[in-house]
Every structure is written in C-alpha cells, then in structure tokens.
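First comes the structure, then the notes that go with it.
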Amino acid sequence: MIRFISLWIALVFSVSNGFSLTKLEGDLNGVGYIVDVPDDPSGNVMFIARGFRPEFFPVSAVYEVGTGFYQRMLADGWTIASSAFRSNDWVVASGAEDIIALRAFVDAEVHPIRSSILYGETMGGGVAVWLAENHPELFDGVLCLGAHLFPEPGTSDSLAGRVSSVFNMKPQLPVVFLANGEEMQSARVYLEGVNGVSHVPATYYVERTGHVNVNSSERLAAMRGLLNWMAGERMESVKDGTILMSPGSVAARGPMVAAANIRLLRPLYGNIYTTFVASDLEALGIELSDSFQIQHRNQLHPITYAQAYSDVPYGAWVAFIDPEGYVQVSRNYANAADTLGAEVGDPLIFLRVD
Numbered sequence: 005m006i007r008f009i010s011l012w013i014a015l016v017f018s019v020s021n022g023f024s025l026t027k028l029e030g031d032l033n034g035v036g037y038i039v040d041v042p043d044d045p046s047g048n049v050m051f052i053a054r055g056f057r058p059e060f061f062p063v064s065a066v067y068e069v070g071t072g073f074y075q076r077m078l079a080d081g082w083t084i085a086s087s088a089f090r091s092n093d094w095v096v097a098s099g100a101e102d103i104i105a106l107r108a109f110v111d112a113e114v115h116p117i118r119s120s121i122l123y124g125e126t127m128g129g130g131v132a133v134w135l136a137e138n139h140p141e142l143f144d145g146v147l148c149l150g151a152h153l154f155p156e157p158g159t160s161d162s163l164a165g166r167v168s169s170v171f172n173m174k175p176q177l178p179v180v181f182l183a184n185g186e187e188m189q190s191a192r193v194y195l196e197g198v199n200g201v202s203h204v205p206a207t208y209y210v211e212r213t214g215h216v217n218v219n220s221s222e223r224l225a226a227m228r229g230l231l232n233w234m235a236g237e238r239m240e241s242v243k244d245g246t247i248l249m250s251p252g253s254v255a256a257r258g259p260m261v262a263a264a265n266i267r268l269l270r271p272l273y274g275n276i277y278t279t280f281v282a283s284d285l286e287a288l289g290i291e292l293s294d295s296f297q298i299q300h301r302n303q304l305h306p307i308t309y310a311q312a313y314s315d316v317p318y319g320a321w322v323a324f325i326d327p328e329g330y331v332q333v334s335r336n337y338a339n340a341a342d343t344l345g346a347e348v349g350d351p352l353i354f355l356r357v358d
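So the sequence shown is numbered by our numbering: it starts at 5 and just counts up by one.
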C-alpha cells in the first residue's frame, strides 16, 4: 500500500501564456514530487521521468516548466507531474516504482485521471519503457527523449552495445522515441529485439548533434504523433522529426561587441538561454572553436564557441546554438547561472578577442 505523506504546498502561479496553475509540492514516502495543475484540467496527466543527474546535484523534481513544450501542454489542460526519484543513482525499475506511487497520488488526491502518458528523458526514457513493458494498465502512451536503454554508464556492460537486461523488449503501449544524433542508437538496438507485440515503437529522428538537443516544436510534433496514435490513427515507423528554428537578432551590435539578454535559466543545471542568435556571432567574426569573452555586470569570463558541452574541459565556459536557434551559455559540469549570479532579463555582453 502506498503511504501518502502530507508535506503538500499548494501555490498559484501565473505563467507566460496568460493562464494560471496550481503547483503542488511535497513527498511520497520520502520521494519529492511537483504536480502542476492548470486552472481547467482536462483530466489528462503527463508524468515526467527525469534524466540522470550527477551525484553532487540536489535530488529534486524540478523541471523546465517555463519552456514552450511544457507551457503548451499546460495550456491544453494537461496536468504535469514530476518525481524527484529517491536518489540521483541510476534507477530504472526503482524509478518506475516512484512514478507508480505518484500516479496513484494524483488520481486519488489531485483529480481523477482520464488519460496518462509518460515523458522520459535519457535514463527516464528507460524508466518509461520499463513501465510500458511491465505496467501497461496504468498508462496510455510513452514519449522518450534520447532514451538510454543500455546498461548503466561506467559499468562493465555499458559499452557492449546491448540493451540492458532489465528490459524484456515487449512494450504493451504506443512508444515514440525522439532523439538526435547518436542518441538514437539505443532505440535502434531496442527495436531490433522487439517482436510479437501489437505496438512496435515508432521513431522520430532529429538531424542534430548534442545531448537531448531537440526543440519544443520537435517535442510537440512527436507528442502530437503519439496522441494521434493513441486515438487510433496509423503511425509511421520512422519519421524525420527535424524542425529548424531561425529567430531573428534583437542584439545591439558594434564592431567588437554585442549585447542581448537572458531569456531563461535552466533549473539545477544553471544553463543560460540567451536572446543572442548565430548571426550575432557571425557579425562579430566569431567562428566555431573560436574563443571570446562574456561579460555579466562586473564579471568577465573566457568562453569557447562550440557545438556541445563536451567540446570543452570540465568547468570551462561554452557557447553553442541551442535547438530553438538561440545561443546557450553554459559551463561543462558546472553551474553558469550561479557563477554569474544571473537572473532572467539580465543583459549579457559578448566581446570579440583578437
């Protein structure tokens, strides 16, 4: 029996699309959760199975509620429920138990569930697939972003190219894999072992490098495909899910300097999403692999223009074009926002270094 702990905080927030939601925060048997409920909930619930986080990160259910994907789901009446999981260890089956407990809580204490889907990122994609295999009676569909279905990284089996033994490769629900670059590999290996099921997973592939590097439009398109499949429409087995975004420049630019603003900060990780775009870097004569400087208030840091976090050493500053078409400013395995004391709306300055 699930024991509900009444560490429950209910707050009402106004969000960027002009609607409000009630945010419930608490824990179930010591596992933290966040449940965001729109003013006029449809009864549909999306459960987030988060990705793996390093051991030094706080154990948290926080997710990027301010991004376009989640905002659109909330605006359409979806309740969003996120579990912290019980630790930052590599969890699949135990993480699934936390999602099951959260589902029971939402159904009993928040509102009756009409339909429920799982949204899993990387390790959380494995949690979602495991639930599709073992508890299809609780959910109606699964969307996995960059699902990691191999054994835990760093173990002796992690490089064997085989799906983890925790999976039986017999999903009983519609499952959509959405991934970019090499992160589609585990889904392809999983699909090779799937047979004798009525729902063979579908794949949306995004032609882009980087880690879970897909934009809100691509996520929403894959979600729309999943929902249509759940409603009985035919689903293509493989689909090009790439949607290119090309926002225009709003930066103030000079020969050696450009100024723009922070539009969003990523919770926990501290990544900085700016209003700079690729053409701003081009106007400064900054090309891939070039170093330049970033200024925030009285702080000045060297930064490299690259394609992904891993292109720079641990702790180093990196700038790259995010899937929404803007310049992201980060530190590899460090918190850029905390380092700067940055807040949404703050001005940032890029300085060319000759």
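Backbone N, C-alpha and C define an ideal beta-carbon position, used for all residues, glycine too.
Boundaries of the alpha helix (DSSP H) harbouring Ser283: Ala282 to Ala287, taken from the DSSP string.
Within a 10 Å sphere around the beta-carbon of Asp358 sit fewer than 16 other beta-carbons, which makes this residue exposed. Here Met77 is buried: its Cβ has 16 or more other Cβ atoms, across all protein chains shown, within 10 Å. DSSP places Ala341 in the uninterrupted alpha helix (DSSP H) bounded by Ala340 to Leu344. Thr279 sits buried, since 16 or more C-beta atoms from the chains shown fall within 10 Å of its C-beta. Within its own chain, the residues whose Cβ lies closer than 7 angstroms to the Cβ of Val39, once the five positions on either side in sequence are excluded, are Leu28, Thr83, Ala85, Val110 and Val114, listed in chain order. In the structure shown, Ser168 adopts coil according to DSSP, grouped into three states. In the structure shown, Gln75 adopts helical secondary structure according to DSSP, grouped into three states. Sequence-distant partners of Leu355 (beyond 5 residues in either direction) whose C-beta falls short of 7 angstroms from its own C-beta, in its chain, are Met260, Val261, Phe296, Gln297 and Gln299. Taking Gly34 as reference, the option from Ser87, Leu224, Ser46 and Asp44 with the minimal CA-CA separation is Ser87. The criterion of a C-beta distance shorter than 8 angstroms is not satisfied by Val95 and Val170. Shortest Cα-Cα distance from Leu304 to any of Val63, Ala132 and Gly345 involves Gly345.
Closest option to Ile104, judged by alpha-carbon separation, among Leu149, Gly274 and Leu32: Leu32. Within 10 angstroms of the beta-carbon of Pro62 lie fewer than 16 other beta-carbons, which makes it exposed.
Residue environment analysis places Tyr313 among the buried positions, since at least 16 neighbouring C-beta atoms fall within 10 angstroms of its C-beta. The three-state secondary structure of Asn232, taken from DSSP, is helix. For Tyr123, the enclosing beta strand (DSSP E) stretches over residues Ser119 to Glu125. DSSP places Leu147 in the strand class (E or B) of the three-state scheme.
Counting of Cβ neighbours within 10 angstroms places Asp102 among the buried residues, the total reaching 16 or more. For His203, the CB contacts under 8 angstroms within the same chain, skipping 5 residues up- and downstream, are Pro175, Gln176, Leu177, Pro178 and Val179 in chain order. The Cβ neighbour count for Tyr123, taken over all protein chains shown within 10 Å, is at least 16; the residue is labelled buried.
In the three-state DSSP reduction, Arg223 falls in the helix class (H, G or I).
Annotated as proximal: Ala183 and Leu149, with beta-carbon spacing under 8 angstroms. Residue state for Tyr194 is assigned as helix, using DSSP reduced to three classes. By the Cβ-count criterion, Glu68 is buried, with 16 or more other Cβ atoms from all chains shown falling within 10 Å of its own Cβ. Between Asp43 and Ser24, the C-beta gap is smaller than 8 angstroms, which places the two residues in contact.
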